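**Student:** Handing you this structure, nothing more for now.
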Amino acid sequence: MSLPQNILALLGGEPARTLPEPKWPIVGPQELEWMRQVVESGKWSWLGPHEQAFCEEYRAFIGTRYCLAMSNGTVTLQCALQAVGVVPGDEVIVPGVTWVATAQAALDIGANVVFADVDPMTLCLDPESFEAAITPKTKAVIPVHLYGCMCDMDALMRIAREHGVKVVEDVAHQQGSRWRDKAAGAIGDAGSFSFQQSKVLTSGEGGAVTTDDEAVYATCFALKQVGWAPESPQEVPYERLAPANRYGHNYRITEMQAVLLRGGLSRLEEQTAKREENVAYLREAFDGIGGPLQIVPRDTRVTRQAYYCLTAHYEPAQADSVHRDQFFKALSKEGVDFNGSYGVVYRNRLLNLYDDTSPVPFRNPEVMQDYASLSLANAEKACAETAAVLPHQHLLGDKDYIDQIVSAVRKVTENLPAVREYFETNKE
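Add 112 to a position in the sequence shown, counting from 1, and you land on the number used in my numbering.
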């Protein structure tokens with residue numbers, strides 16, 4: 113005999129979600145045909161026709177004069193920071209909640225990272241904390257458009273311009289978002305994108321820098337292309353290369369990656385619209401359910417929102433003494449996997465800043481932020497108690513799938529006493 117539907121799966125009931133999770137990544141027939149042609153052509157790298165075509169298509173999509181594809185989203189940050197003038201000893205302000213590579217990109221080019229606090233709801237860089245962190249050594253800031261929210265670009269750009277601070281947007285999570293109808297990655301001095309496996313536009317690995325500044329583009333080009341750069345970027349942005357007399361690296365992307373990106377880009381706007389539609393539906397449904405798990409309000413200045421993840425907020429005061437992670441475990445048993453955010457960067461075990469493999473022990477501690485003693489209140493509370501994210505592939509589900517997510521959240525929310533009792537008894 114089957115148990116009643118309202119019995120928690122945690123207690124042996126049937127899970128709320130039974131439909132299969134939407135597939136990711138998605139590949140279409142055009143990429144398969146292009147891939148065959150590329151393999152047969154022997155032109156696999158070094159600014160091939162698909163790489164050039166993608167850069168032009170993505171440049172137009174973002175709305176910048178230039179786009180340069182690279183091997184991943186970490187080196188794009190490194191190159192963009194160097195191109196806007198960051199040199200060893202400069203300070204770069206980074207939010208305390210982000211993927212560790214945001215900080216590593218600055219540290220690895222000799223800059224000193226200063227962490228600032230985040231907004232407790234959006235998890236994006238807090239403008240007041242950013243301004244308080246500025247010193248005479250501050251050269252750049254990296255606003256990270258995190259998960260399913262954009263930074264307050266009005267405030268951040270105003271503060272940056274008032275203090276002469278360069279802005280390199282980290283757009284790894286926001287391919288397609290727009291602030292007041294201007295694309296993320298086209299607002300600051302440069303934009304840095306990641307196309308890693310989980311991203312909404314992916315080639316497995318890969319990245320891009322976007323900019324309107326010819327000098328920034330030319331510098332990034334030389335850094336990426338083993339020292340070569342176009343003689344006349346305005347006229348011929350990818351050809352007529354000459355030694356740039358710079359210090360170059362090999363951060364090239366391949367034609368196979370470019371093929372995947374072109375195919376993915378052709379579907380991105382439709383997928384973004386689908387995610388936006390489903391998030392609006394989920395927000396209304398979660399509001400109706402009440403309880404501790406609510407979707408973060410969307411800033412009215414965001415005119416299009418891409419979602420690497422859906423950003424939600426878990427309010428402990430509404431949770432009947434059920435910790436966020438216990439709520440997540442109960443929800444996971446129902447077939448819906450909300451997760452917490454990245455850990456605070458300065459304490460993330462993936463990034464031991466004081467290990468001898470890090471640049472930090474070899475720098476002057478008197479001129480660096482004391483990461484060991486640092487405590488950013490909003491960042492730490494969000495990571496430990498309140499941040500909640502749902503990966504973007506779930507937002508591509510049909511209505512029946514989305515309704516099952518709603519049913520799972522309602523089921524756990526309506527049974528909070530049973531969840532609390534379970535964990536009190538089992539001590540998980």
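All residues carry an ideal CB built from backbone N, CA and C; glycine is no exception. Just so you know, these numbers come straight off a predicted model, no measurement behind them.
Go through its chain and collect everything with a Cβ distance to Pro345's Cβ below 8 angstroms, but skip five positions before and after it.
**Tutor:** Locating residue 345 in the sequence shown gives position 233, where the first residue counts as 1. Closer than 8 angstroms at the Cβ level, and outside the excluded window around Pro345, lie Tyr178, Glu326, Tyr329, Ala330 and Phe333.
**Student:** If you run the structure through DSSP and keep just helix, strand and coil, what is Thr147?
**Tutor:** As a position in the sequence shown, residue 147 is number 35, starting the count at 1. Correcting the residue type first, residue 147 is Met in the shown sequence and not Thr. Looking at Met147 - three-state DSSP - the assignment turns out to be helix.
**Student:** Around the C-beta of Thr469, are 16 or more other C-beta atoms found within 10 angstroms, so that it is buried, or is it exposed?
**Tutor:** The residue labelled residue 469 in the question sits at position 357 within the sequence shown. Counting Cβ neighbours within 10 Å, Thr469 comes out exposed, since fewer than 16 surround it.
**Student:** If contacts are defined as beta-carbon pairs under 8 angstroms, then Ser315 and Leu372 qualify, I think. What distance do you get, rounded to the angstrom?
**Tutor:** Against the sequence shown, residue 315 aligns to sequence position 203. Against the sequence shown, residue 372 aligns to sequence position 260. Rounded, the Cβ-Cβ distance is 4 angstroms, consistent with contact.
**Student:** With DSSP collapsed to three states, give me the class of Met113.
**Tutor:** To locate residue 113, count along the sequence shown from 1; it is residue 1. A caution first: Met113 carries a pLDDT of 34, below 50, which makes its placement in the model unreliable, though a value can still be read off. The answer is coil: DSSP assigns Met113 none of H, G, I, E or B.
**Student:** Arg379: beta carbon under 7 angstroms from a heavy atom of the ligand ATP?
**Tutor:** No copy of the ligand ATP occurs in the structure displayed, which carries no ligand at all.
**Student:** Look at the alpha carbon of Ala215 and the alpha carbon of Val206, and state the distance between them as a whole number of angstroms.
**Tutor:** By one-based count along the sequence shown, residue 215 stands at place 103. By one-based count along the sequence shown, residue 206 stands at place 94. If you take the alpha carbons of Ala215 and Val206, they lie about 7 angstroms apart.
**Student:** Leaving out five residues before and five after Gly402 in sequence, what residues of the same chain have Cβ atoms less than 8 angstroms from its Cβ?
**Tutor:** Here residue 402 refers to the residue found at position 290 when the sequence shown is read from its first residue. Closer than 8 angstroms at Cβ, skipping near neighbours: Gln430 and Thr525.
**Student:** Is the Cβ-Cβ distance between Leu422 and Val391 less than 8 angstroms?
**Tutor:** Taking the first residue of the sequence shown as 1, we reach residue 422 at position 310. Taking the first residue of the sequence shown as 1, we reach residue 391 at position 279. Yes, Cβ-Cβ distance for Leu422 and Val391 is below 8 angstroms.
**Student:** Is the distance from the Cβ of Thr130 to the Cβ of Thr322 below 8 angstroms?
**Tutor:** The sequence position of residue 130 within the sequence shown is 18, counting from 1. The sequence position of residue 322 within the sequence shown is 210, counting from 1. No, these two residues do not count as a Cβ contact at 8 angstroms.
**Student:** Measuring alpha carbon to alpha carbon, tell me which residue in Ser310, Trp340, Ala494 and Gly276 is nearest Gly185.
**Tutor:** Counting from 1 along the sequence shown, the entry for residue 185 is found at position 73. Per the Cα distances, Ser310.
**Student:** To the nearest whole angstrom, what separates the beta carbons of Glu446 and Pro132, a pair I think is in contact under 8 angstroms?
**Tutor:** Position 334 of the sequence shown, counted from the start, is the residue given in the question as residue 446. Position 20 of the sequence shown, counted from the start, is the residue given in the question as residue 132. Not quite, the Cβ-Cβ distance comes to about 15 angstroms (not below 8 angstroms), so this is no contact.
**Student:** State the Cα-Cα distance for the pair Cys167 and Ala181, rounded to the nearest angstrom.
**Tutor:** Here the question's residue 167 lines up with position 55 in the sequence shown. Here the question's residue 181 lines up with position 69 in the sequence shown. Rounded to the nearest angstrom, the two C-alpha atoms are 7 angstroms apart.
**Student:** Anyone know if the C-beta pair for Pro255 and Val279 falls short of 8 angstroms?
**Tutor:** Translated into the one-based positions of the sequence shown, residue 255 becomes position 143. Translated into the one-based positions of the sequence shown, residue 279 becomes position 167. Closer than 8 angstroms, so yes.
**Student:** Where does the unbroken beta strand (DSSP E) through Phe227 begin, and where does it stop?
**Tutor:** The residue labelled residue 227 in the question sits at position 115 within the sequence shown. Note, Phe227: beta strand (DSSP E), Asn224 to Ala228.
**Student:** Less than 8 angstroms between the beta carbons of Glu281 and Ala296, yes or no?
**Tutor:** On the sequence shown, position 169 is the one that residue 281 refers to. On the sequence shown, position 184 is the one that residue 296 refers to. Yes, these two residues count as a Cβ contact at 8 angstroms.
**Student:** Return the CA-CA distance between Trp211 and Val457, expressed in angstroms with no decimal places.
**Tutor:** For the purposes of this step, residue 211 is taken as the residue at position 99 of the sequence shown. For the purposes of this step, residue 457 is taken as the residue at position 345 of the sequence shown. Looking at the two C-alpha atoms, the distance is approximately 7 angstroms.
**Student:** Return the CA-CA distance between Pro134 and Gly197, expressed in angstroms with no decimal places.
**Tutor:** Looking up residue 134 in the sequence shown gives position 22. Looking up residue 197 in the sequence shown gives position 85. Their backbone Cα atoms lie some 43 angstroms apart in a straight line.
**Student:** Using a 10 Å radius around the Cβ and a threshold of 16 neighbouring Cβ atoms, would you call Asn464 buried or exposed?
**Tutor:** Here residue 464 is taken as the residue at index 352 of the sequence shown, counted from 1. Asn464 should be labelled exposed.
**Student:** So what's Met368 in DSSP terms, helix, strand or just coil?
**Tutor:** Within the sequence shown, the letter at position 256 stands for residue 368. DSSP places Met368 in helix when its eight states are reduced to three.
**Student:** So, helix, strand or coil for Thr214, using DSSP?
**Tutor:** Here residue 214 corresponds to residue number 102 of the sequence shown, with the count starting at 1. Residue state, collapsed to three classes: helix.
**Student:** May I ask which residues mark the beginning and end of the alpha helix (DSSP H) holding Arg129?
**Tutor:** Counting from one through the sequence shown, the residue named residue 129 turns up at place 17. Note, Arg129: premise wrong, no alpha helix (DSSP H); not H, not E.
**Student:** Could you say if the region 216-223 and the region 155-172 meet the contact criterion of at least three C-beta pairs nearer than 8 angstroms?
**Tutor:** No: fewer than three Cβ pairs fall under 8 angstroms.
**Student:** Can you tell which of Leu237, Glu145 and Asp432 has the C-alpha that lies nearest to the C-alpha of Asp266?
**Tutor:** Looking up residue 266 in the sequence shown gives position 154. Comparing Cα-Cα distances from Asp266 to each of Leu237, Glu145 and Asp432, the minimum goes to Leu237.
**Student:** Along the alpha helix (DSSP H) that carries Gly185, what are the first and last residues, could you check?
**Tutor:** Here residue 185 refers to the residue found at position 73 of the sequence shown. First-last of the alpha helix (DSSP H) with Gly185: Gly185 to Ala195.
**Student:** Could you spell out where the alpha helix (DSSP H) holding Arg273 opens and where it closes?
**Tutor:** Along the sequence shown, one-based indexing puts residue 273 at 161. Counting along the chain, the alpha helix (DSSP H) containing Arg273 begins and ends at Met265 to His275.
**Student:** Across which residues does DSSP place Glu351 in a beta bridge pair?
**Tutor:** Here the question's residue 351 lines up with position 239 in the sequence shown. DSSP, once it has assigned bridges, lists no residue as partnering Glu351.
**Student:** Would you report the Cα separation of Gly125 and Ala418, rounded to the nearest angstrom?
**Tutor:** Counted from its first residue, the sequence shown places residue 125 at position 13. Counted from its first residue, the sequence shown places residue 418 at position 306. Their backbone Cα atoms lie some 35 angstroms apart in a straight line.
**Student:** Counting pairs of beta carbons, one from the region 481-500 and one from the region 372-389, are three or more of them closer than 8 angstroms?
**Tutor:** Segments in contact, no.
**Student:** Go ahead and label Arg171 buried or exposed: buried means 16 or more other beta carbons lie within 10 angstroms of its beta carbon, across all protein chains shown.
**Tutor:** Locating residue 171 in the sequence shown gives position 59, where the first residue counts as 1. By the 10 Å Cβ count, Arg171 comes out buried.
**Student:** Ignore the nearest five residues each way along the sequence and tell me which others in Tyr350's own chain have a CB closer than 6 angstroms to its CB.
**Tutor:** Reading the sequence shown from its first residue, position 238 is the one you call residue 350. Cβ neighbours of Tyr350 beyond the five flanking positions: Leu159 and Gln164.
**Student:** When you compare only the Cα positions, how much space is there between Glu480 and Ala244?
**Tutor:** For the purposes of this step, residue 480 is taken as residue 368 along the sequence shown, with counting starting at 1. For the purposes of this step, residue 244 is taken as residue 132 along the sequence shown, with counting starting at 1. In the sequence under discussion, the amino acid at residue 480 is Met, which differs from the Glu named in the question. Distance between the alpha carbons of Met480 and Ala244 is about 16 angstroms.
**Student:** Would you list, in sequence order, the uninterrupted alpha helix (DSSP H) runs of no fewer than 4 residues that lie entirely inside the region 412-458?
**Tutor:** Taking only runs of at least 4 residues, the alpha helix (DSSP H) segments lying wholly in the region 412-458 are 436-445.
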